[in-house]
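Data first, discussion second: the structure below is written as structure tokens.
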Amino acid sequence: MVTVTPLDPKYSIEQQLGLEAGPVVLVNLFTIDDPSEHDALIAAWRDDALWMKKQPGYISTQMHKAVGDSCTYLNYAIWDSIADFRTAFSNPEFKQALSHYPSTAVTAPHLFEKIAVANCCTA
């Protein structure tokens with residue numbers, strides 16, 4: 026079963042789920058203890074991603090692996106709103122699927138909104 030830990034210890038995913046905003050980007054950092062758990066992590070994440078794709082408000086997702094021998098992974102997913110993500114994330118079917126991850130897997134989810142920075146990017 027995956028262990029969920031806050032990416033920002035001062036502002037957990039549970040606190041963020043109480044807000045209303047959108048669109049949002051979920052950034053989810055995964056770690057495992059051993060490279061031999063790679064296939065199990067990806068299989069569990071794939072199952073979750075395929076399930077999430079069917080949920081209202083889901084837009085897209087992408088998984089990344091750190092280069093070299095690192096056991097760190099980064100997933101980001103785009104959602105129409107926190108409300109849509111909250112509904113999917115809180116679904117008992119999704120919660121049950123978390124038991125399929127390797128026992129050493131740790132995930133740190135956090136929600137973000139685009140911001141405008143002059144001469145660099147738009148919100």
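At the far end of the sequence shown sits residue 148, using the working numbering, and the numbering has no gaps.
The beta carbon of each residue, even a glycine, is placed where N, CA and C say it ideally should be.
What's the gap between the Cα of P34 and the Cα of T129? On the sequence shown, position 9 is the one that residue 34 refers to. On the sequence shown, position 104 is the one that residue 129 refers to. P34 and T129 have their C-alpha atoms some 20 Å from each other.
To the nearest angstrom, how far is the alpha carbon of K4 from that of A46? Absent from the structure is residue 4, since the part of the chain shown begins at 26 and ends at 148.
Taking just the CA atoms, how far does S37 sit from V142? By one-based count along the sequence shown, residue 142 stands at place 117. By one-based count along the sequence shown, residue 37 stands at place 12. Rounded to the nearest angstrom, the gap between the Cα atoms of V142 and S37 is 25 Å.
Helix, strand or coil: which one does DSSP assign to T112? As a first step, residue 112 must be located in the sequence shown, where it is residue number 87. In the structure shown, T112 sits in a helix (DSSP, three-state: H, G or I).
Nearest-angstrom Cα separation, counted from F137 out to Q87: Within the sequence shown, the letter at position 62 stands for residue 87. Within the sequence shown, the letter at position 112 stands for residue 137. So the alpha carbons of these two residues sit roughly 15 Å apart.
Can the beta-carbon of L123 be found less than 7 Å from the beta-carbon of L54? As a working note, residue 123 is residue 98 in the sequence shown. As a working note, residue 54 is residue 29 in the sequence shown. No, the Cβ-Cβ distance between L123 and L54 is not below 7 Å.
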